[in-house]
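Take a look at the structure below.
As structure tokens, this is what we get:
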């Protein structure tokens, strides 16, 4: 992920202090997120709804 | 105390919770004697195991004296009367700090018990104190926190698994017969696998999470950790049940989970998910051999073992990570902005990832989740229980970050956090280096009794409940 984009996203998330103090950790985290999101396959059926996370009685 | 009934066999520190409760009820064992035996063992072993963040010995002894007086008067609180229990330190115990093993919450004194702790007390269990965890149940094992990480009692140089590290290590080492853990990506079943005990992630919503510090709302589960399958069922009976004040609580009640434990596996259909450990994440040969041995043993006992395919572990893992990190970011955002230096490095890196995931990623992951639930439900329509790997490796050394990183994701536990199905991990054998190997069983929603039936059959055939770490 481009460093300038990471910085931009980090500042948008309010992480200015974190970026100043733990710059490497911010970049490692951004890379982790990019990797995991990239591996996410699109749903097979575009009509699939999300699982309602707070309604296990009905959802399960 | 009564004498001569023969209910107490072997050292008190390895007495099962069920046997201890039975002996206390029969007045053959004093809760004070039982507690003192465990406190003595803690004094000897915990300086090198680091299981406790906060041992509440005085309160535990006082509660044991009360339990003894109640037993003498014929008043038993419940099925766990006088039995010691350890509590993972992200779960509230009134009057004690819930630190989450972090500087962030070092002074966070709980004003009331979590529902699961309250239920254990109602059943008569005695809280001994708060146990080590990975920081906020995600960042560990870490050496840059106020408390050291727990160690594996089978070999102190090795990781006990996490995040419920103290719970797993302490149960295996005989510091207490049972403990509470939590499981968002495998955190009950990982230490159960590394430490050779029984760890259950119940059906999502079966056990209340109220009073438990959240990691990821829709993936978090509270689960029992014990040395025997029967104890696990007993503990689940105590803590399960609907909680109208937990938005994730299921409407289902609790059941008699041990009822079918002695029925064996004859006629049951077991689906062996081999691709998890053969092709998705190829396991160490000893892990594979032990899994095959479990399957063969259950087959010889009358089970019909057949192959089952599910989505790949990689697919499950990416869905789990996106949901977990997105939800965890929503919990930690303010502290990560204002107090980043108060986190350990591992937790900080893992929690920060959520800041870089989009709402679209989160929705996409939850949509894939629906399809994965359908896939597991479909498999469980064909078979009664799934059998698969838990960890692909024995516990690695705790002081080698590269090994911790390498083995951290080599597991098959996250699929069932994603889907919410009940899953139990237990010992399948020992490695050539003397470390526990593991197997995992998975059942239909709210069919924990079936899990205990299969796990109980394997335990009976293998004697895994009688294998203890060679310490103290």
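Residue numbers (the numbering used here), protein chains in the order written: chain A, 15 to 74; chain B, 233 to 704.
All residues carry an ideal CB built from backbone N, CA and C; glycine is no exception.
All values reported here derive from a predicted model rather than from experimental measurement.
1. Just checking, does the stretch 645 to 657 of chain B make contact with the stretch 424 to 434 of chain B on the three C-beta pairs under 8 angstroms criterion?
2. Let me make sure I understand the geometry here. Which of B/303, B/259 and B/405 has the alpha-carbon closest to that of residue 274 of chain B?
3. Looking only at its own chain, which residues have a Cβ that is under 7 angstroms from the Cβ of residue 446 of chain B, when we skip the five neighbours before and after it?
4. I need the straight-line Cα distance from residue 552 of chain B to residue 359 of chain B, nearest angstrom please.
5. For residue 375 of chain B, which three-state DSSP category applies?
6. Just verifying my parser: in three-state terms, what is the DSSP assignment at residue 365 of chain B?
7. Who are the Cβ neighbours of residue 581 of chain B in its own chain at under 7 angstroms, not counting the five residues just before and after it?
8. Considering residue 399 of chain B, what are the terminal residues of the alpha helix (DSSP H) in which it resides?
9. Please classify residue 425 of chain B: does DSSP put it in a helix, a strand, or coil?
10. Less than 7 angstroms between the C-beta atoms of residue 57 of chain A and residue 541 of chain B, yes or no?
11. Within 7 angstroms of any Cβ in chain A, is that where the Cβ of residue 576 of chain B sits?
12. So, at 6 angstroms on beta carbons, what are the nonlocal neighbours of residue 398 of chain B in its own chain, with the 5 sequence-adjacent residues on each side left out?
13. Starting from the beta carbon of residue 39 of chain A, find every residue of chain B whose beta carbon is closer than 7 angstroms, and list them in chain order.
14. Spell out the partners DSSP gives residue 620 of chain B in its beta bridges.
15. Kindly indicate which residue of B/497, B/466, B/302 and B/476 has the alpha-carbon position closest to the one of residue 314 of chain B.
16. For a cutoff of 7 angstroms on Cβ pairs, would you count residue 53 of chain A as touching chain B?
17. Going by DSSP, which residues form a beta bridge with residue 682 of chain B?
18. Taking Cβ-Cβ distances below 7 angstroms as the criterion, which residues of the stretch 664 to 677 of chain B are in contact with chain A?
19. Using a Cβ cut-off of 8 angstroms, pull out every chain B residue sitting near residue 31 of chain A, in sequence order please.
20. Between residue 23 of chain A and chain B, is any beta-carbon pair separated by less than 7 angstroms?
21. When you compare the stretch 236 to 250 of chain B with the stretch 579 to 593 of chain B, are there three or more beta-carbon pairs, one atom per stretch, that lie closer than 8 angstroms?
22. Cα separation between residue 24 of chain A and residue 375 of chain B?
23. For residue 570 of chain B and residue 329 of chain B, what's the separation of their Cα atoms in angstroms?
24. Would residue 414 of chain B pass as a contact of residue 454 of chain B if the rule is Cβ separation under 7 angstroms?
25. Three-state secondary structure (DSSP) at residue 581 of chain B?
26. Once the 5 residues before and after residue 560 of chain B are set aside, which same chain residues still bring their CB inside 6 angstroms of it?
27. With distances taken between CB atoms, is the gap from residue 545 of chain B to residue 513 of chain B smaller than 7 angstroms?
28. Going by the CB atoms, is the gap between residue 285 of chain B and residue 726 of chain B shorter than 7 angstroms?
29. Going by the CB atoms, is the gap between residue 501 of chain B and residue 615 of chain B shorter than 7 angstroms?
30. To which residues of the same chain is residue 708 of chain B closer than 8 angstroms at the C-beta, ignoring the five residues directly before and after it?
31. Is the stretch 634 to 644 of chain B touching the stretch 485 to 497 of chain B in the sense that three or more CB pairs, one from each, lie closer than 8 angstroms?
32. Work out the CA separation of residue 532 of chain B and residue 442 of chain B for me, nearest whole Å.
33. Write down every uninterrupted run of the beta strand (DSSP E) in the stretch 442 to 481 of chain B whose length is 3 residues or greater and which is fully enclosed by it, in chain order.
34. Thinking C-beta only, is residue 667 of chain B closer than 7 angstroms to residue 626 of chain B?
35. Per the DSSP calculation, residue 359 of chain B is bridged to which residue(s)?
36. Under a Cβ-count criterion, where at least 16 other Cβ atoms within 10 Å of its own Cβ denotes burial, should residue 351 of chain B be classed as buried or exposed?
On the basis of the coordinates in this document:
1. yes
2. For the purposes of this step, residue 274 of chain B is taken as the residue at position 42 of the second chain. Out of B/303, B/259 and B/405, B/405 has the C-alpha closest to the C-alpha of residue 274 of chain B.
3. Working through the second chain from its first residue, we reach residue 446 of chain B at position 214. Once the five neighbours on either side are set aside, the close Cβ partners of residue 446 of chain B are 452 and 563.
4. Indexing the second chain from 1 puts residue 552 of chain B at position 320. Indexing the second chain from 1 puts residue 359 of chain B at position 127. The straight-line gap from Cα to Cα measures roughly 32 angstroms.
5. Here residue 375 of chain B is taken as the residue at index 143 of the second chain, counted from 1. Residue 375 of chain B falls in the coil class under three-state DSSP.
6. Here residue 365 of chain B corresponds to residue number 133 of the second chain, with the count starting at 1. Reduced to three states, the DSSP call for residue 365 of chain B is coil.
7. Position 349 of the second chain, counted from the start, is the residue given in the question as residue 581 of chain B. Around residue 581 of chain B: no qualifying Cβ.
8. Against the second chain, residue 399 of chain B aligns to sequence position 167. Residue 399 of chain B -> alpha helix (DSSP H) spans 397 to 405.
9. In the second chain, the residue the question calls residue 425 of chain B occupies position 193. Of the three classes helix, strand and coil, the one that applies to residue 425 of chain B here is helix, per DSSP.
10. Residue numbering aside, residue 57 of chain A sits at position 43 when the first chain is read from its first letter. Residue numbering aside, residue 541 of chain B sits at position 309 when the second chain is read from its first letter. No, the Cβ-Cβ distance between residue 57 of chain A and residue 541 of chain B is not below 7 angstroms.
11. Walking along the second chain from the start, residue 576 of chain B turns up at place 344. By this cut-off, residue 576 of chain B is not an interface position.
12. Counting from one through the second chain, the residue named residue 398 of chain B turns up at place 166. Correct list, in chain order: 283, 363, 364 and 382.
13. Walking along the first chain from the start, residue 39 of chain A turns up at place 25. Within 7 angstroms Cβ-Cβ: 577, 580, 581 and 584.
14. The sequence position of residue 620 of chain B within the second chain is 388, counting from 1. Paired residue(s): B/672.
15. Numbered from 1 along the second chain, position 82 holds the residue referred to as residue 314 of chain B. Nearest C-alpha to residue 314 of chain B: B/302.
16. The residue labelled residue 53 of chain A in the question sits at position 39 within the first chain. So yes, residue 53 of chain A belongs to the interface.
17. Working through the second chain from its first residue, we reach residue 682 of chain B at position 450. None, per the DSSP bridge assignment.
18. 677
19. Position 17 of the first chain, counted from the first residue, corresponds to residue 31 of chain A. Those are 569, 570 and 572, listed as they occur along chain B.
20. Here residue 23 of chain A is taken as the residue at index 9 of the first chain, counted from 1. Taking Cβ atoms only, chain B reaches closer than 7 angstroms to residue 23 of chain A, which makes this a yes.
21. no
22. Taking the first chain and counting its residues from 1, the one referred to as residue 24 of chain A is at position 10. Taking the second chain and counting its residues from 1, the one referred to as residue 375 of chain B is at position 143. So the two alpha carbons sit approximately 27 angstroms from each other.
23. Within the second chain, numbered from 1, the residue matching residue 570 of chain B stands at position 338. Within the second chain, numbered from 1, the residue matching residue 329 of chain B stands at position 97. The straight-line gap from Cα to Cα measures roughly 22 angstroms.
24. Counting from 1 along the second chain, the entry for residue 414 of chain B is found at position 182. Counting from 1 along the second chain, the entry for residue 454 of chain B is found at position 222. Yes, the Cβ-Cβ distance between residue 414 of chain B and residue 454 of chain B is below 7 angstroms.
25. Position 349 of the second chain holds residue 581 of chain B. Of the three classes helix, strand and coil, the one that applies to residue 581 of chain B here is helix, per DSSP.
26. One-based indexing of the second chain puts residue 560 of chain B at position 328. The answer, listed in chain order, is 447, 448, 583 and 586.
27. Start at 1 with the first residue of the second chain, and residue 545 of chain B comes out as number 313. Start at 1 with the first residue of the second chain, and residue 513 of chain B comes out as number 281. Closer than 7 angstroms, so yes.
28. It is not possible to answer for residue 726 of chain B, since the shown part of chain B is limited to 233 through 704.
29. Residue 615 of chain B sits at position 383 when you count from the first residue of the second chain. Residue 501 of chain B sits at position 269 when you count from the first residue of the second chain. A contact, by the Cβ cut-off of 7 angstroms.
30. This structure cannot settle anything about residue 708 of chain B, because the visible part of chain B is limited to 233 through 704.
31. no
32. Locating residue 442 of chain B in the second chain gives position 210, where the first residue counts as 1. Locating residue 532 of chain B in the second chain gives position 300, where the first residue counts as 1. Roughly 43 angstroms between the two C-alpha positions.
33. 453 to 458
34. Counted from its first residue, the second chain places residue 626 of chain B at position 394. Counted from its first residue, the second chain places residue 667 of chain B at position 435. Contact flag set, yes.
35. Numbered from its first residue, the second chain carries residue 359 of chain B at position 127. Paired residues: B/317.
36. Within the second chain, residue 351 of chain B is the residue found at index 119, counting from 1. The residue is buried, with at least 16 neighbouring Cβ atoms inside 10 Å.
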